[in-house]
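Inspection log for the structure reproduced underneath, given as structure tokens.
2 protein chains.
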Amino acid sequence: MKLRPVILPLLAALLGGGAVRADEGMWLYSAPPREQIKKKYGFDVADAWLEHLMKSSVRFNSGGSGSFVSGDGLVITNHHVGLDALQKFSSTEKNYVRDGFYAKTDAEEIKCVDLELNVLQSIEDVTLRVNAAIPAGVTGNDAALARRKIFAEIEKESTDKTGLRSDVVTLYQGGAYHLYRYKKYTDVRLVFAPEQQAAFYGGDPDNFEYPRYDLDICIFRAYENNVAVKPAHFLKWSEKGAADGELTFVSGHPGNTSRLLTVPELEYTRDSALPYTDAVLKRREVLLSAWAARSEENFRRAREDLFSIQNSRKVRDGHLAALQDPVFFGAKVTAETNFKKQLADRPDGKDALAAFDRIADAQKIIAGIAPRLRLLENGAGFVSDSFTVARQLLRAGDERPKPNGERLREYSEARRESFEQQLFSDKPVYTDLEILMLSDSLTFFVEQLGATDPVVQQVLAGKSPRARAAELITTTQVREVAFRKQLYEGGSAAVAAAKDPMIELARLVDPEARALRKTNEAQTEIKQQAQAIIGKARFAIEGTGNYPDATFTLRLSYGPVLGYEENGQKIPAHTTIAGLYERSEKQHNKEPFDLPPRWIAKKSALDLSTPYNFVSTADIIGGNSGSPIVNKAAEFVGIIFDGNIQSLSGDFGYEDVQARALSVASPGILEALRKVYEVPTLANELVNGHR
Amino acid sequence: MKLRPVILPLLAALLGGGAVRADEGMWLYSAPPREQIKKKYGFDVADAWLEHLMKSSVRFNSGGSGSFVSGDGLVITNHHVGLDALQKFSSTEKNYVRDGFYAKTDAEEIKCVDLELNVLQSIEDVTLRVNAAIPAGVTGNDAALARRKIFAEIEKESTDKTGLRSDVVTLYQGGAYHLYRYKKYTDVRLVFAPEQQAAFYGGDPDNFEYPRYDLDICIFRAYENNVAVKPAHFLKWSEKGAADGELTFVSGHPGNTSRLLTVPELEYTRDSALPYTDAVLKRREVLLSAWAARSEENFRRAREDLFSIQNSRKVRDGHLAALQDPVFFGAKVTAETNFKKQLADRPDGKDALAAFDRIADAQKIIAGIAPRLRLLENGAGFVSDSFTVARQLLRAGDERPKPNGERLREYSEARRESFEQQLFSDKPVYTDLEILMLSDSLTFFVEQLGATDPVVQQVLAGKSPRARAAELITTTQVREVAFRKQLYEGGSAAVAAAKDPMIELARLVDPEARALRKTNEAQTEIKQQAQAIIGKARFAIEGTGNYPDATFTLRLSYGPVLGYEENGQKIPAHTTIAGLYERSEKQHNKEPFDLPPRWIAKKSALDLSTPYNFVSTADIIGGNSGSPIVNKAAEFVGIIFDGNIQSLSGDFGYEDVQARALSVASPGILEALRKVYEVPTLANELVNGHR
């Protein structure tokens, strides 16, 4: 699941008075939806059950979830969550991403470079203490500073006392503050990974689709003091997995959601932001695909960008589909109307109602400047690494002499190290690809602003977009690291003296770009402060009877294993291993539907009827990748690895007609480990819960 | 060359007073640019030389050019011009498109189903007679009717007298009318075709690109009375081909150009029409590519649409690049300004100046209605065969009872036969592809008009674009031919009674769609009449000292064999056969860079240094495909098959910095025939000029 989420409010809450739809929600472990689950499924969410699940759940700092699945410290997550670690110790000779990996002995396990795992131990409500630290009447930056101070104080106190990682988390848009304490593991070693071709079977074409046939798993072992961890809690492996219709739970770390956007913000997203981004992505996808098709070398150069664009494009299409659905959008409108009515009935509701108006006003201003902001400040008119670097040099020269607090944020002292690391990186930049991208974005720039716009005419300098792009890219020196260092160290005088054509282009558009950004940031700040006021009012009405937007903290979701209908066709909940072979056969084993050699060789050994992937109605989002999915007995029945295309609506609200969470089934994992990878020791450890 | 051109005026003319740039022009054979060629190249275009070239040149009614290349009736054209004929007698067993074809004997030659070749015999100026037939003061439809009548009279008279096909051609936007007389050949037989993989080597990725390695040829033989034609004129084959820098001539049938569009029309094309079409094409390309990647069957279903979209997208990108070039566009503006000055100085110039104003006014109205017209009338909001058919049924019911002259033109008696043939065609329509396309176009519809537009809300009927598309496609009956026949025959009452959901959708948008179309057609008519007035004024000033826009009639272009520079890199004029093998090797012989087996087997037999493709500065456009390119001795040195991406500017004006015409070189053709295809008889006939 390669979701890049957005920001804000609960559909549930918007529906008014905490009335939550069936199976909706990414619930706090401190406020689980006991009543709903009891009512609908007759199941009691017991405290011990919750604690066991919580302490078996793992957060990956690389941006995903996982779980302990053996008493000897095995942690399972998705292959695409482990990929970052895998890539760091792969080489041309040892291509673990392509070929997979298995450590037959402890000694063969490979230690990950910078992976950190967190296991939540406790949640404490610190709202009163945080709010008390902000003097009455203090708002804006002063309030933010005071808040940051009390956060740091609470966190340090907790760490000193418990030795645990301690984070204060802002929930309900500032309606509540909770202290999360984690046990931390930094010695994490790779035990097993399948070939990427098995993990991400079907590649981009099947990404966000269902039915699926992916073995998207990766298994690590956590260590402390060079000894495998013996966690107090780990999930028992279910050999039979989950049946159709069975209630399941997902325990993981959803990254963020935008379920509390106000209607004017949603309208802007639906009518302007998404159509714009979508068109830009499609334009760039066509550009890169066509260019990549011309040679293998082109393909190699464009590959990573192309895959990332295709993934983003699917996500945006999914978001747009949700917001263009009159039922989905209508529910948002109704909910906001109802909530405003509730506010109107309360003596303290006036402030929140006024905050709604401020958001609408700010959104209008943002919409007005968006077309030029996207092109000039966000750089959609000048897409190329060369322009990015040129502007960084220009702005670094202008910003660095200023006091730290007055700089554009990317030039602050706190970000200096990573900024310089990036600026002086000698990653390969290809002239041909640079010209291609810049030509196309200049073309787009002219299309958007019109050929007669004065800025357009200055930027083109009397040339066509293609000729101007070729000229800029071939004459600029910014792709030389030594040149960059020299200008960075020499400051604005050196930058000006260089008269580099790309830097001069950045200079030409800089006054307007900065002005647009300033307006945008001011209006965004107004919106954020207004949202906090609304958040508090909402929390005052609903309390923890509802779930807050996702914050990459541990949440509980639930729902049955359930198929769905699409275009009049029934999509069953489960796929089997047989389906994998059928899909490959139908595609004549052509990339990305080709099977790894090991899978071809071992076919006859497999029980092809074994469940492989399945879907459920659990409410998940990016960050849930690798989350365990468990049954009522808290047994591991599978692992979340994706959502279908319809589930992309999840950014803005929950839907259970077609939206589904995708998991790899526990029996399919076992079958593959035993018969394809022939690693019985590992399979037995999972089943027995120990070595 | 798969160009789909547009409409109108000469950059040259616009530059004022017939000052034509070097090598520019698609010249009339009746008014060749003798002076320019003499001055620049010291070559005399003699009458006999011209006549020889004219009578050796062939027009293909399937939309291309060719030439006689033997005294025994051999006609050479492009593979992609002959493709239509090839497909008509190919089958699963005899796949001539894939495998190629060679007739060892006359008896093995295959007769084409409906191919007609035309060879121009004479040109006669009939301007005075045409103008005399239009009574003074008569304009608009009445003038058009009178013109059509005199055309028919002249054509019939000529055919009766000469037995030749006789066409009156409107030139210079109505500034002149010429009678073209052709010898006609309808018995045309296939002699040779290479594999499509050799002819269209590199497929879409290399389409409109250079360097290239295509054997884009197809050889026919013309017959009369079952005997091979012995043409009085045919081109002598040059075994050595054309050298770098050598002056060459192209004799062919350019389809149409838009070089006389006024500045407001060009601005509209640059700022609105092209960016819109381009975005729609890219959006659809992404949609179909992503869907096609999901399975081989999807790919098969989407393949043809996808290729056509990719080709169109390249063309539009090329057009936009030309119009966004300030130099190119600036020249258009200057030329129009200068021409208007000339008009202002003439007593009869007032009408033409007023005509310019009428075009500008009409263009403004057209621009204003374009967004809704594209979606509602042109159907961009409802892309699917089902919608097209539904609307045809609806409108046929409404239109057919009207008098013929008052109907929408596609429902006129003259078009009835082909309309019915199309309406009742049982070509396969795929439900899944229909849902895909309609979902996406409804999404686009909402994006463009906004979710709150009343028509949008009526169209969606409370559903999301995806759900609505699925509902419409799965419930409509219009994909059943019997249903179509029943409704067509039953007329509007039967159509209304059917209550078919897709037809009802067409009905819902029909009033507005018709109103938009009416406005658009009225304004277009105003523009056309104004253009004719300007055309006459221009012709009065320039006469045949300039060339008219292309009209799919025989024209002469010229220019040297010449490489060019791109992104600072020199692109040589010629490629060699060695380059073909290198390109294939670099791409690991992967589709579409794979070589046909015959080419792999025969590599060692070939002289790899033989010239294969080359570029020249000749002014060509779609329709020139298959044109002979000859040297000063009128010898065949190659055959035009494409233009590079920069040459796509040719629709609007000539450019010789980077724009190039692409040809297959005569030595490369011979080498392939002799050593790859081992057809010495055919090769010898070409070289000897007879069997």
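Chains A and B, in that order, are what the protein sequence lines are.
1 is the number of the first residue of the first sequence in the working numbering; add one for each residue after it.
1001 is the number of the first residue of the second sequence in the working numbering; add one for each residue after it.
The beta carbon of each residue, even a glycine, is placed where N, CA and C say it ideally should be.
Computed from a predicted model, the values in this text were never measured in an experiment.
In terms of alpha-carbon separation, which member of the options lies closest to residue i?
i                : options                               : result
V1097 of chain B : B:D1106, B:D1084, B:K1104 and B:T1105 : B:D1084
F1419 of chain B : B:A1396, B:L1472, B:F1299 and B:L1556 : B:A1396
Y1315 of chain B : B:V1561, B:L1281, B:P1033 and B:R1484 : Per the sequence presented here, residue 1315 of chain B reads as Val, with Tyr not at that position. Of the candidates B:V1561, B:L1281, B:P1033 and B:R1484, the one whose C-alpha sits nearest the C-alpha of V1315 of chain B is B:L1281.
Q1392 of chain B : B:W1291, B:E1489, B:A1228 and B:G1100 : B:E1489
L1128 of chain B : B:L1554, B:E1297, B:G1175 and B:D1206 : B:G1175
D244 of chain A  : A:K40, A:G622, A:L117 and A:P572      : A:P572
S122 of chain A  : A:T431, A:S166, A:W291 and A:G82      : A:S166
K602 of chain A  : A:V615, A:E542, A:Y677 and A:G535     : A:Y677
D114 of chain A  : A:E35, A:I600, A:F328 and A:G63       : A:G63
F60 of chain A   : A:E116, A:D656, A:V138 and A:E377     : A:E116
So, for residue i: in the same chain, excluding its five sequence neighbours on each side, which residues have a beta-carbon less than 8 Å away from its beta-carbon?
i                : result
S1584 of chain B : F1593, D1594 and L1595
A578 of chain A  : L608 and S609
A344 of chain A  : L353
Keeping to the same chain, check which residues put their C-beta closer than 7 Å to that of residue i; ignore five residues upstream and five downstream.
i                : result
P1611 of chain B : G1241, H1574, T1576, A1665, P1667 and G1668
Q1087 of chain B : V1097
K463 of chain A  : E471
Q1196 of chain B : H1079, V1097 and R1098
R1691 of chain B : D1072 and E1685
Mind checking if residue i is an interface residue toward chain A, Cβ cutoff 8 Å exclusive?
i                : result
L1673 of chain B : no
A1470 of chain B : yes
D1072 of chain B : no
L1320 of chain B : yes
P1465 of chain B : yes
L1686 of chain B : no
P1667 of chain B : no
S1386 of chain B : no
R1283 of chain B : yes
L1508 of chain B : no
A1279 of chain B : yes
L1247 of chain B : no
So, for residue i: in the same chain, excluding its five sequence neighbours on each side, which residues have a beta-carbon less than 6 Å away from its beta-carbon?
i                : result
S1091 of chain B : none
K1111 of chain B : R1189
Y1547 of chain B : G1025, M1026 and W1027
R1284 of chain B : I1309
V1456 of chain B : V1446 and L1449
Determine the chain B residues that contact residue i at a beta-carbon separation under 8 Å, and present them in chain order.
i               : result
P205 of chain A : A1290, A1293 and R1294
Between residue i and residue j, how many whole angstroms is the CB-CB distance? I'm expecting something under 8 Å.
i                : j                : result
F1220 of chain B : V1075 of chain B : 5 Å
A322 of chain A  : F652 of chain A  : 6 Å
M1054 of chain B : L1120 of chain B : 6 Å
Answer yes or no: does any C-beta atom of chain B fall closer than 8 Å to that of residue i?
i               : result
R270 of chain A : yes
G137 of chain A : no
T159 of chain A : no
P326 of chain A : yes
K313 of chain A : Before going further, note that residue 313 of chain A is Arg rather than Lys in the sequence given. Yes, R313 of chain A counts as interfacial toward chain B.
P680 of chain A : no
What residues of chain A sit near residue i, judged by a beta carbon separation below 8 Å?
i                : result
I1571 of chain B : Ordered by position in chain A, no residue passes the 8 Å Cβ test against I1571 of chain B, which lies about 13 Å from the chain.
Could you name the residues of chain B that residue i contacts, counting a contact when the two beta carbons are closer than 9 Å?
i               : result
H588 of chain A : E1296
What in chain A is Cβ-close to residue i, meaning under 7 Å?
i                : result
G1643 of chain B : Under the 7 Å cutoff, chain A gives no residues; its nearest Cβ is about 16 Å from G1643 of chain B.
E1447 of chain B : P275
Quick one: does the C-beta of residue i sit closer than 7 Å to a heavy atom of the ligand MG?
i               : result
L287 of chain A : Because no ligand of any kind appears in the structure shown, any question about the ligand MG cannot be addressed here.
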